[in-house]
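Mapping the sequence shown onto the UniProt record's numbering, position 308 (from 1) lands on 308, and the numbers just tick up by one.
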Amino acid sequence: MRAIQISRYGGPEVLEPVELPDPVPGPDQVLVDVEAAGVNYADTHLADGSYLSSPKLPFVPGSEVIGRTADGRRVMGLSTGGGYAEKALLPAALTVEVPEAIGDGEALALLVQGLSAWHLLRTSARLTPGESVVVNAAAGGVGSLAVQLAKAFGAGRVIATASTPDKQRLALDLGADVAVSGDADGYAERVIEANGGKRVDVVLDAVSGPVFDAAFEALGQFGRLVTFGAASRQVAKPVEPGRLMMRNLSVVGFWLSPALAVPGMFAPPLTELFELVTAGRVRPVVGGEYPLAETRRAHEDLLARRTTGKLILRA
Numbered sequence: 001m002r003a004i005q006i007s008r009y010g011g012p013e014v015l016e017p018v019e020l021p022d023p024v025p026g027p028d029q030v031l032v033d034v035e036a037a038g039v040n041y042a043d044t045h046l047a048d049g050s051y052l053s054s055p056k057l058p059f060v061p062g063s064e065v066i067g068r069t070a071d072g073r074r075v076m077g078l079s080t081g082g083g084y085a086e087k088a089l090l091p092a093a094l095t096v097e098v099p100e101a102i103g104d105g106e107a108l109a110l111l112v113q114g115l116s117a118w119h120l121l122r123t124s125a126r127l128t129p130g131e132s133v134v135v136n137a138a139a140g141g142v143g144s145l146a147v148q149l150a151k152a153f154g155a156g157r158v159i160a161t162a163s164t165p166d167k168q169r170l171a172l173d174l175g176a177d178v179a180v181s182g183d184a185d186g187y188a189e190r191v192i193e194a195n196g197g198k199r200v201d202v203v204l205d206a207v208s209g210p211v212f213d214a215a216f217e218a219l220g221q222f223g224r225l226v227t228f229g230a231a232s233r234q235v236a237k238p239v240e241p242g243r244l245m246m247r248n249l250s251v252v253g254f255w256l257s258p259a260l261a262v263p264g265m266f267a268p269p270l271t272e273l274f275e276l277v278t279a280g281r282v283r284p285v286v287g288g289e290y291p292l293a294e295t296r297r298a299h300e301d302l303l304a305r306r307t308t309g310k311l312i313l314r315a
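What follows is the structure, given as structure tokens:
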């Protein structure tokens with residue numbers, strides 16, 4: 001089978017087309033003929049060796065797969081890798097059947113990004129109706145869904161931050177009440193102004209570095225800053241306990257991979273997400289499709305911030 005393999009760490013240039021033997025399923029695994037695989041920002045961290053955990057070299061990246069089983073069922077699932085290929089193995093416990101009414105790109109957007117957005121708001125931020133929510137990088141895969149889910153979950157005001165006017169307009173089209181620049185300089189002032197002069201209840205941040213520091217300053221009493229990535233590749237300043245106590249603040253970390261080991265963290269949220277999409281209340285943004293042979297270009301576009309929404313590879 002054709003696959004994309006990483007045999008050394010680096011930029012998009014390390015993504016190499018190869019021919020590999022077809023995978024053989026073991027106990028509790030599902031073999032899938034891949035129709036599409038999702039591309040995530042985390043995949044670029046895997047490629048350069050900066051991810052929180054990395055598999056042994058060489059490896060085939062790609063944790064999100066949608067395709068058909070040998071008996072014709074349309075399924076998608078999450079794995080520890082292997083999705084950038086014509087065939088892939090999925091753990092049965094992290095595989096679900098997909099309604100035919102939902103497209104491949106839409107469905108894949110609900111795996112890592114959709115589940116992350118759901119858990120960021122429900123599990124980590126513990127959002128309650130009427131609260132204000134700031135979504136950083138709101139035009140991205142997680143951000144575009146988090147904006148919509150925050151509205152669906154009853155947020156009183158959703159403030160989107162994005163790097164360009166076009167991306168800010170997309171966030172507004174998806175339901176954000178206000179969209180502002182996500183630049184660290186003046187961030188807290190812009191966000192507070194967008195919230196009617198009041199500090200905010202929740203910030204979802206995958207940027208880190210100076211943006212994380214500025215987001216912390218925008219939090220109001222009992223505010224929660226949920227950190228789930230470091231797209232800036234910069235490290236935020238340490239948060240001293242006294243700074244938390246001053247406004248009863250919380251800084252919460254979230255990483256989907258270990259969360260899915262907890263019972264009930266996978267299928268039930270996906271069921272709700274399927275229902276929201278089918279009802280037209282949530283619209284996953286599919287940002288672009290690339291042939292498997294052009295995986296390198298997909299990573300280049302993602303790193304250059306030329307993309308919005310979900311990117312997928314066609315096997």
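In this text, a Cβ means the ideal position worked out from N, Cα and C, and glycines have one as well.
| Rounded Cβ spacing between residue 66 and residue 104 (contact assumed at less than 8 Å) | Taking the first residue of the sequence shown as position 1, residue 66 is located at position 66. Taking the first residue of the sequence shown as position 1, residue 104 is located at position 104. Their Cβ separation, rounded to whole angstroms, is 5 Å, which keeps residue 66 and residue 104 in contact under 8 Å.
| When the Cα of residue 257 is compared with those of 171, 194, 312, 54, which residue comes out closest? | As a working note, residue 257 is residue 257 in the sequence shown. Per the Cα distances, 54.
| field | Beta-bridge partners of residue 32, as assigned by DSSP | value | One-based indexing of the sequence shown puts residue 32 at position 32. Per DSSP, 88.
| said: By the three-class DSSP mapping on this structure, what secondary structure does residue 10 have? | reply: Residue 10 sits at position 10 when you count from the first residue of the sequence shown. DSSP places residue 10 in coil when its eight states are reduced to three.
| As assigned by DSSP and simplified to three states, the class of residue 2 | Residue 2 sits at position 2 when you count from the first residue of the sequence shown. In this structure, DSSP gives residue 2 an extended state, which the three-state scheme calls strand.
| field | chain C contact for residue 12 (CB, 9 Å cutoff) | value | Included in the structure is just one protein chain, with no chain C present.
| field | beta strand (DSSP E) runs contained entirely in the region 183-215, provided each spans 3 or more residues | value | As far as the region 183-215 is concerned, its whole beta strand (DSSP E) runs of at least 3 residues are 200-205.
| task | Identify every residue that forms a DSSP beta bridge with residue 161. | result | Translated into positions along the sequence shown, residue 161 becomes position 161. Under the DSSP definition of a beta bridge, residue 161 partners with 180.
| request: Compare the Cα-Cα distances from residue 267 to each of 278, 25, 98 and report the closest residue. | output: Mapped onto the sequence shown, residue 267 falls at position 267. The shortest C-alpha to C-alpha distance from residue 267 to any of 278, 25, 98 is the one to 98.
| field | Contact check, residue 76 vs residue 42, beta carbons under 9 Å | value | To locate residue 76, count along the sequence shown from 1; it is residue 76. To locate residue 42, count along the sequence shown from 1; it is residue 42. With respect to the 9 Å criterion, residue 76 and residue 42 are not classified as neighbours on the basis of their beta carbons.
| message | At the level of alpha carbons, what is the spacing between residue 73 and residue 109? | response | In the sequence shown, the residue the question calls residue 73 occupies position 73. In the sequence shown, the residue the question calls residue 109 occupies position 109. Distance between the alpha carbons of residue 73 and residue 109 is about 19 Å.
| Nearest-angstrom Cα separation, counted from residue 61 out to residue 49 | Your numbering for residue 49 matches position 49 in the sequence shown. Your numbering for residue 61 matches position 61 in the sequence shown. So the two alpha carbons sit approximately 12 Å from each other.
| message | Tell me the rounded alpha-carbon separation between residue 211 and residue 184. | response | Counting from 1 along the sequence shown, the entry for residue 211 is found at position 211. Counting from 1 along the sequence shown, the entry for residue 184 is found at position 184. Take the alpha-carbon of residue 211 and the one of residue 184: they are about 5 Å apart.
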